[in-house]
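Trainee: Pasting in a structure now, in structure tokens, and then I'll have a few things to ask.
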Amino acid sequence: MRGFDLTPYRRSTVGFDRLFDLIENSRAAQGDNYPPFNIERISEDRYRVTLAVAGFRAEELDITAQQNLLQVTGRKEESSSADRAKFLHVGIANRSFERRFELADFVRVDTAGLSDGLLTIELVREVPEAMKPKKIAINGGQVVDIVANRDAA
1 MRGFDLTPYR RSTVGFDRLF DLIENSRAAQ GDNYPPFNIE RISEDRYRVT LAVAGFRAEE
61 LDITAQQNLL QVTGRKEESS SADRAKFLHV GIANRSFERR FELADFVRVD TAGLSDGLLT
121 IELVREVPEA MKPKKIAING GQVVDIVANR DAA
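Under full-length UniProt numbering, the first residue of the sequence shown carries the number 1, and numbering increases by one thereafter.
Pasting the structure below:
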């Protein structure tokens, strides 16, 4: 299947390169759906990612947060053939995985927990004070002539 060409949009925008890269990368990374996950918006600036990691212990999971990237890795040791022979049917996936999530600017990992086969990762968006919108007060209808005031001084 042929993808959507974003070249015309790249030419007419400035500073949106990362957005187009995210679109292209997400389209390419839609292959494996293991482990299944949910993404919830808890409040205006709080999010929760929940992964179903049945059969994994906490020491077999690794969570790495870098700038704009959350990576969750599960490493399962290969079981011996004697262990496999005990199962009549294996329906619970017991394989290693790597799942990546692109994070928006100023989103950081707050906490992570493992309970009942679910890995829960809490995320918080913290916009720096300098980046928040500011209300600019308008002077009460008075026009100040800066040139006249400078000459008078």
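Backbone N, C-alpha and C define an ideal beta-carbon position, used for all residues, glycine too.
Remember, predicted model here, so these are calculated numbers, not experimental data.
Can we say the stretch 48-63 touches the stretch 118-125, given the rule of at least three CB pairs closer than 8 Å?
Mentor: Yes, the stretch 48-63 is in contact with the stretch 118-125.
Trainee: By a C-beta neighbour count over all protein chains shown, 10 Å radius and 16 as the cutoff for buried, is methionine 1 buried or exposed?
Mentor: A caution first: methionine 1 carries a pLDDT of 43, below 50, which makes its placement in the model unreliable, though a value can still be read off. The residue in question, methionine 1, is exposed, as its Cβ has fewer than 16 Cβ neighbours within 10 Å.
Trainee: Only counting runs of 3 or more residues, tell me where the beta strand (DSSP E) segments fall wholly within the UniProt domain "SHSP" (28-141), in order along the chain.
Mentor: Counting only runs of 3 or more, we get 37-43, 46-52, 61-66, 69-74, 97-102, 107-115 and 118-125.
Trainee: Using 10 angstroms around the beta-carbon of alanine 127, count the other beta-carbons present and answer buried if the total reaches 16, otherwise exposed.
Mentor: Checking the sequence shown, residue 127 turns out to be valine, not alanine. The residue is exposed, with fewer than 16 neighbouring Cβ atoms inside 10 Å.
Trainee: Determine whether the beta carbon atoms of valine 124 and arginine 46 lie at a separation below 9 Å.
Mentor: Yes, they are a contact pair.
Trainee: Assuming glutamine 71 and glutamate 98 form a contact by the criterion Cβ under 8 Å, report the distance between their Cβ atoms to the nearest whole angstrom.
Mentor: Going by Cβ atoms, the distance from glutamine 71 to glutamate 98 rounds to 7 Å, so yes, they are a contact pair.
Trainee: If contacts are defined as beta-carbon pairs under 8 Å, then leucine 69 and leucine 19 qualify, I think. What distance do you get, rounded to the angstrom?
Mentor: Contact doesn't hold; Cβ gap of about 15 Å is too wide.
Trainee: Glycine 55 and lysine 76 - do their beta-carbons sit closer together than 9 Å?
Mentor: Against a cut-off of 9 Å, the Cβ pair of glycine 55 and lysine 76 comes out as a contact.
Trainee: Please report the distance separating the alpha-carbon of asparagine 38 from that of threonine 64.
Mentor: The straight-line gap from Cα to Cα measures roughly 18 Å.
Trainee: Of the residues Asp105, Leu114 and Val90, which one's Cα is nearest the Cα of aspartate 62?
Mentor: The shortest C-alpha separation from aspartate 62 is found at Leu114.
Trainee: Going by beta-carbon coordinates alone, are phenylalanine 106 and methionine 131 separated by less than 9 Å?
Mentor: Against a cut-off of 9 Å, the Cβ pair of methionine 131 and phenylalanine 106 comes out as a contact.
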